[in-house]
Amino acid sequence: MPAGILIGIAVIAFAVQQSLLPAFGLLLLLGVFGGFFIVPLNALLQERGKHSVGAGNAIAVQNLGENVAMLLMLGLYSRR
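Residues in the sequence shown are numbered consecutively from 1, following full-length UniProt numbering.
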């Protein structure tokens, strides 16, 4: 089953949890499924970036985008 579908199932199961121990297990599964999802995407980014701007530059642009997104979400969250 694709990792994205597994992440969706785990998020739905996590949302309806009432007890702590299964929630910890689901958080662990979410991390594992997230790793299964992101590692091939990073490999694809490096492979395609190697031909266009270089693998290092592609990773740098990805990191910049991720950090900007985190800062934006932090800014939105802190406005509450």
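Ideal Cβ placement from N, Cα and C applies to all residues, glycine included.
Check: Proximity winner among Phe14, Phe36, Met1, relative to Leu26 (alpha-carbon distances); Outcome: Phe14
Check: Cβ distance (whole Å) where Ala10 is taken to contact Phe33 below 8 Å; Outcome: 6 Å
Check: C-beta contact flag for Ile12 and Leu30 at 8 Å; Outcome: no
Check: Spatial distance of His51 from Gly4 (CA atoms); Outcome: 27 Å
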